[in-house]
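Q: Please see the structure below; I have some questions.
2 protein chains.
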Amino acid sequence: MAPSKSEQAYELIQDKIVSGAYSPGYRLVLGSIAAELGCSTVPVREAIRRLEAEGLVAFERNVGATVASVDATLYLHTLQTLSVLEGAATALAAPLLDADDLAAARRINRDMESCLEHFDPQRFSRLNVAFHERLYGPCPNPHILDLVQRGWNRMRAMRSSTFATVPGRARESVAEHDVLLDLLEAGAPPPSVEAAARDHRTNTLNAYLAVAGLPPSPLYLPLPGTSPTDATPDQTPEPALRGRKDTP
Amino acid sequence: MAPSKSEQAYELIQDKIVSGAYSPGYRLVLGSIAAELGCSTVPVREAIRRLEAEGLVAFERNVGATVASVDATLYLHTLQTLSVLEGAATALAAPLLDADDLAAARRINRDMESCLEHFDPQRFSRLNVAFHERLYGPCPNPHILDLVQRGWNRMRAMRSSTFATVPGRARESVAEHDVLLDLLEAGAPPPSVEAAARDHRTNTLNAYLAVAGLPPSPLYLPLPGTSPTDATPDQTPEPALRGRKDTP
DNA sequence: GACACCATGATCGTATACGATTTCGTACAT
DNA sequence: ATGTACGAAATCGTATACGATCATGGTGTC
Chain A
1 MAPSKSEQAY ELIQDKIVSG AYSPGYRLVL GSIAAELGCS TVPVREAIRR LEAEGLVAFE
61 RNVGATVASV DATLYLHTLQ TLSVLEGAAT ALAAPLLDAD DLAAARRINR DMESCLEHFD
121 PQRFSRLNVA FHERLYGPCP NPHILDLVQR GWNRMRAMRS STFATVPGRA RESVAEHDVL
181 LDLLEAGAPP PSVEAAARDH RTNTLNAYLA VAGLPPSPLY LPLPGTSPTD ATPDQTPEPA
241 LRGRKDTP
Chain B
1 MAPSKSEQAY ELIQDKIVSG AYSPGYRLVL GSIAAELGCS TVPVREAIRR LEAEGLVAFE
61 RNVGATVASV DATLYLHTLQ TLSVLEGAAT ALAAPLLDAD DLAAARRINR DMESCLEHFD
121 PQRFSRLNVA FHERLYGPCP NPHILDLVQR GWNRMRAMRS STFATVPGRA RESVAEHDVL
181 LDLLEAGAPP PSVEAAARDH RTNTLNAYLA VAGLPPSPLY LPLPGTSPTD ATPDQTPEPA
241 LRGRKDTP
């Protein structure tokens with residue numbers, strides 16, 4: 001059966017946001033979108049409230065909705081959140097991965113490597129998502145899985161429009177993927193997997209922070225079991241990623 | 001100004017759910033709630049969709065909404081998610097806590113201790129929330145903070161109706177709070193704080209799992225710096241908290 | 001007696017309509 | 001020229017109305 005109108009509206013708007021057709025700050029007018037869809041404003045309204053709950057649009061009473069504008073700090077906060085959640089999801093999924101999963105992930109990572117040669121960042125990004133999805137997909141906690149999914153949605157909506165990747169980061173990323181896969185193949189305990197998965201993302205976060213001249217995120221995880229020295233780069237007691245004051 | 005009708009509806013329904021007036025499985029009929037509020041079904045509908053996004057109600061097309069029923073595994077999954085998020089939030093907040101915060105938290109924990117004597121589990125629960133809110137409140141990442149808040153909402157909605165506390169757990173809990181506070185007062189690095197905060201909650205989770213005869217959650221964090229032995233109780237490579245199969 | 005089928009009622013999904021609120025442009029006074 | 005007051009247009013918020021869909025109970029047949 002055809003999906004409901006509000007479902008259609010939801011997908012249309014989300015698609016336009018992540019594809020960049022609606023750029024941050026764009027005013028989402030109920031009437032216009034309804035006309036475009038050939039439906040009334042009621043389902044559109046519902047769709048927009050759903051997107052609000054996911055952080056993709058900002059909504060103000062009696063004023064309307066706009067595509068959430070990305071503020072660098074918001075982007076970084078999302079990345080930090082994702083580092084925590086995805087690390088946990090990957091650790092929980094680790095014992096459930098079979099050889100096929102690992103082989104598939106390894107293959108994806110080889111593809112990513114080749115993207116580096118041909119300089120195809122678009123494809124590289126897609127593969128990166130696929131790689132991680134494959135690894136955290138079997139996570140048995142649906143709640144965490146849902147939150148990770150939402151995090152990625154936000155990221156996609158933001159990155160396409162605003163941020164470029166940090167120069168050297170892509171190559172390092174591929175290498176870190178291989179390290180993570182090695183751990184998984186060796187049947188490493190969940191805390192080690194979590195540390196590797198989280199720190200992989202935290203490294204990206206810190207690469208951004210570094211170019212912005214900010215201190216790194218304090219949410220590094222030490223690798224248990226293995227040599228602890230190279231997993232906890234000097235403890236920085238000062239807080240990083242201090243939030244902007246809430247706009248009064 | 002008066003809040004909008006959909007806001008009123010949202011608060012009414014949420015309140016009825018967490019207070020237990022609507023117990024799990026209760027059928028939320030748009031028309032009835034609208035009548036109770038003296039408004040039409042449209043705002044009620046919107047409120048219910050918001051609650052759905054937060055996991056408090058389940059919704060099915062052309063059928064309606066019911067208060068999310070709690071399934072033990074769902075409860076435990078929420079608890080596990082919260083352990084991860086709250087651990088991170090507390091670690092991020094740690095460097096921003098001042099002496100007042102710590103003193104207040106310590107005071108709350110003394111109150112909790114006295115609740116143990118007089119056996120006042122209601123008050124104990126409230127204080128427990130207050131204690132942790134105080135500690136993760138200054139977390140500079142609003143996104144994580146939001147997710148933690150939602151997690152607690154879900155917990156409140158569930159616990160009141162279904163679950164009793166594990167016998168010995170309350171007393172241990174108070175002791176662990178003191179350990180956490182000691183760490184914070186000593187200015188421990190964020191990873192140590194995260195480990196303590198997360199494991200505190202994971203211990204509760206595992207107490208439930210133990211009485212159910214299930215293996216413990218694998219998401220323990222090793223305490224870095226301090227003796228690593230007592231923080232990582234034997235690695236259990238077998239997966240815990242395996243999700244129920246999605247109902248087909 | 002059990003199962004399949006259909007009628008009926010309850011409830012949801014959405015369109016339309018209208019009042020409420022905000023925003024923006026314009027005119028006027030300083 | 002700048003700031004303020006007012007009015008019109010745009011947009012949102014919600015009520016009402018009606019078609020669409022699903023659950024339920026009764027009836028007929030095997």
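Chains as they are written, first to last, in the UniProt record's numbering: chain A, 1 to 248; chain B, 1 to 248.
For glycine and all other residues, C-beta sits at the position ideal for the given N, C-alpha and C.
Run down chain A in chain order and give the residues with a C-beta less than 8 Å from the C-beta of B/Glu46.
A: Walking along the second sequence from the start, residue 46 of chain B turns up at place 46. Going along chain A in sequence order, the residues near B/Glu46 (Cβ under 8 Å) are Arg45, Glu46, Arg49.
Q: Look at the alpha carbon of B/Val63 and the alpha carbon of A/Lys5, and state the distance between them as a whole number of angstroms.
A: The sequence position of residue 63 of chain B within the second sequence is 63, counting from 1. The sequence position of residue 5 of chain A within the first sequence is 5, counting from 1. Whole-angstrom Cα-Cα distance: 16 Å.
Q: Establish whether the CB of B/Gly77 and some CB of chain A are separated by less than 9 Å.
A: Within the second sequence, the letter at position 77 stands for residue 77 of chain B. Before going on, a small fix: residue 77 of chain B reads as His here, not Gly. Yes, B/His77 lies at the interface with chain A (some Cβ there is under 9 Å from its Cβ).
Q: For a contact defined as C-beta to C-beta under 7 Å, what are the partners of B/Arg61 on chain A?
A: Taking the second sequence and counting its residues from 1, the one referred to as residue 61 of chain B is at position 61. Residues of chain A passing the Cβ test: Ser4.
Q: Hey, B/Ile144 and A/Gln80: beta-carbon distance below 9 Å or not?
A: Mapped onto the second sequence, residue 144 of chain B falls at position 144. Mapped onto the first sequence, residue 80 of chain A falls at position 80. Yes, these two residues count as a Cβ contact at 9 Å.
Q: Counting pairs of Cβ atoms below 8 Å between the stretch 200 to 208 of chain B and the stretch 70 to 85 of chain B, do you hit three or more?
A: Yes, they touch.
Q: Would you give the residue range spanned by the beta strand (DSSP E) that A/Val44 belongs to?
A: For the purposes of this step, residue 44 of chain A is taken as residue 44 along the first sequence, with counting starting at 1. From DSSP, A/Val44 is part of no beta strand (DSSP E) but of the alpha helix (DSSP H) over 41 to 53.
Q: Quick one: does A/Ala68 have its CB under 9 Å from some CB of chain B?
A: Your numbering for residue 68 of chain A matches position 68 in the first sequence. No, its Cβ sits nowhere closer than 9 Å to a Cβ of chain B.
Q: One question on the structure: do B/Val174 and B/Leu116 come within less than 9 Å of each other, judged by their Cβ atoms?
A: Translated into the one-based positions of the second sequence, residue 174 of chain B becomes position 174. Translated into the one-based positions of the second sequence, residue 116 of chain B becomes position 116. Yes, they are a contact pair.
Q: Using the C-alpha atoms, what's the distance from B/Arg50 back to A/Ser192?
A: Translated into the one-based positions of the first sequence, residue 192 of chain A becomes position 192. Translated into the one-based positions of the second sequence, residue 50 of chain B becomes position 50. If I take the Cα positions, the gap works out to 37 Å.
Q: At least one CB of chain B closer than 9 Å to the CB of A/Ala175: is that the case?
A: One-based indexing of the first sequence puts residue 175 of chain A at position 175. False, the Cβ-Cβ gap to chain B never drops below 9 Å.
Q: Check whether the Cβ atoms of B/Met158 and B/Tyr26 sit closer than 9 Å, and answer yes or no.
A: By one-based count along the second sequence, residue 158 of chain B stands at place 158. By one-based count along the second sequence, residue 26 of chain B stands at place 26. No, these two residues do not count as a Cβ contact at 9 Å.
Q: For the stretch 130 to 151 of chain A, which residues have a beta carbon sitting closer than 7 Å to at least one beta carbon of chain B?
A: So the close ones are Pro140, Asn141, Pro142, His143, Ile144, Leu147.
Q: Within a Cβ cutoff of 8 Å, which residues of the same chain sit near A/Leu183, ignoring the five residues on either side of it in sequence?
A: By 1-based counting over the first sequence, the position of residue 183 of chain A is 183. Here the set comprises Ser192, Val193, Ala196.
Q: Give the residues of chain A in contact with B/Ala88, contact being defined as C-beta atoms less than 7 Å apart.
A: In the second sequence, counting from the first residue as 1, residue 88 of chain B sits at position 88. Val84, Leu219, listed in chain order.
Q: Let me see if you follow: with CB-CB separation under 9 Å, is A/Thr81 close to chain B or not?
A: Translated into the one-based positions of the first sequence, residue 81 of chain A becomes position 81. A/Thr81 counts as touching chain B.
Q: List, in chain order, every chain A residue whose beta-carbon is nearer than 7 Å to that of B/Pro190.
A: Taking the first residue of the second sequence as 1, we reach residue 190 of chain B at position 190. Within 7 Å Cβ-Cβ: Pro218, Leu219.
Q: Let me see if you follow: with CB-CB separation under 9 Å, is B/Val29 close to chain A or not?
A: Stepping through the second sequence from its first residue, residue 29 of chain B is reached at position 29. B/Val29 does not count as touching chain A.
Q: Output yes or no for whether 9 Å exceeds the beta carbon distance between B/Pro24 and B/Glu11.
A: Counted from its first residue, the second sequence places residue 24 of chain B at position 24. Counted from its first residue, the second sequence places residue 11 of chain B at position 11. No. Outside cutoff.
Q: Do the CB positions of B/Pro218 and A/Pro95 come within less than 9 Å of each other?
A: In the second sequence, counting from the first residue as 1, residue 218 of chain B sits at position 218. In the first sequence, counting from the first residue as 1, residue 95 of chain A sits at position 95. In contact: B/Pro218 and A/Pro95 (Cβ atoms closer than 9 Å).
Q: Answer with yes or no whether the minimum CB distance from A/Leu74 to chain B is below 9 Å.
A: Looking up residue 74 of chain A in the first sequence gives position 74. Cβ-Cβ to chain B under 9 Å: yes for A/Leu74.
Q: Just confirm the distance between the C-beta atoms of B/Ala89 and B/Cys139, as a whole number of angstroms; I'd bet it's less than 8 Å.
A: Against the second sequence, residue 89 of chain B aligns to sequence position 89. Against the second sequence, residue 139 of chain B aligns to sequence position 139. Yes, B/Ala89 and B/Cys139 are in contact; Cβ-Cβ is about 4 Å, under 8 Å.
Q: Look up A/Ala72 in the DSSP assignment and say whether it is helix, strand or coil.
A: Residue numbering aside, residue 72 of chain A sits at position 72 when the first sequence is read from its first letter. Of the three classes helix, strand and coil, the one that applies to A/Ala72 here is helix, per DSSP.
Q: To the nearest angstrom, how far is the alpha carbon of A/Asp178 from that of B/Leu221?
A: Against the first sequence, residue 178 of chain A aligns to sequence position 178. Against the second sequence, residue 221 of chain B aligns to sequence position 221. Cα-Cα distance, rounded: 23 Å.
Q: Report the rounded CA-to-CA distance for B/Arg106 versus B/Gly187, giving the unit in angstroms.
A: Within the second sequence, the letter at position 106 stands for residue 106 of chain B. Within the second sequence, the letter at position 187 stands for residue 187 of chain B. Each residue's alpha carbon lies about 16 Å from the other.
Q: State the DSSP-derived secondary structure class of B/Arg171, mapped to helix, strand or coil.
A: In the second sequence, counting from the first residue as 1, residue 171 of chain B sits at position 171. Residue state, collapsed to three classes: helix.
Q: Taking 9 Å as the threshold (beta carbon to beta carbon), is A/Leu116 in contact with chain B?
A: Translated into the one-based positions of the first sequence, residue 116 of chain A becomes position 116. Chain B contact via Cβ: absent.
Q: If you follow the beta strand (DSSP E) that B/Arg64 is in, where does it begin and where does it stop?
A: Start at 1 with the first residue of the second sequence, and residue 64 of chain B comes out as number 64. It should be pointed out that residue 64 of chain B corresponds to Gly in this sequence rather than to Arg. Counting along the chain, the beta strand (DSSP E) containing B/Gly64 begins and ends at 64 to 67.
Q: Would B/Gly64 pass as an interface residue toward chain A - the criterion being a Cβ-Cβ separation below 9 Å?
A: Residue mapping note: residue 64 of chain B aligns to position 64 of the second sequence, counting from 1. Chain A, which has no Cβ nearer than 9 Å to the Cβ of B/Gly64, makes this no.
Q: Below 8 Å CB to CB, which residues in the same chain sit around B/Leu181 once its five sequence neighbours on both sides are set aside?
A: As a position in the second sequence, residue 181 of chain B is number 181, starting the count at 1. For B/Leu181, where only same-chain residues beyond five positions count, the Cβ hits under 8 Å are Leu102, Ala105, Arg106, Asn109.
Q: Determine which residues share a DSSP beta bridge with B/Phe59 and list them.
A: For the purposes of this step, residue 59 of chain B is taken as residue 59 along the second sequence, with counting starting at 1. Per DSSP, B/Ala65.
Q: Determine the contact status of B/Val67 and B/Leu56, defining contact as a CB-CB distance below 9 Å.
A: Numbered from 1 along the second sequence, position 67 holds the residue referred to as residue 67 of chain B. Numbered from 1 along the second sequence, position 56 holds the residue referred to as residue 56 of chain B. Taking 9 Å as the Cβ cut-off, B/Val67 and B/Leu56 qualify as a contacting pair.
Q: So, is B/Glu176 buried or exposed, given that buried needs 16 or more other C-beta atoms within 10 angstroms?
A: Stepping through the second sequence from its first residue, residue 176 of chain B is reached at position 176. That one is buried.
Q: Can you give me the start and stop residues for the alpha helix (DSSP H) that B/Asn203 sits inside?
A: Residue numbering aside, residue 203 of chain B sits at position 203 when the second sequence is read from its first letter. Element bounds for B/Asn203: 190 to 211.
Q: Under 9 Å between C-beta atoms, does B/Leu12 make it to chain A?
A: What you label residue 12 of chain B is simply residue 12 of the second sequence in a count that begins at 1. Chain A, which has no Cβ nearer than 9 Å to the Cβ of B/Leu12, makes this no.
Q: Which residues in the same chain as A/Gly151 place their Cβ atom closer than 8 Å to its Cβ, once the five residues preceding and following it in sequence are excluded?
A: As a first step, residue 151 of chain A must be located in the first sequence, where it is residue number 151. Closer than 8 Å at Cβ, skipping near neighbours: Thr78, Thr81, Leu82, Leu85, Glu86.
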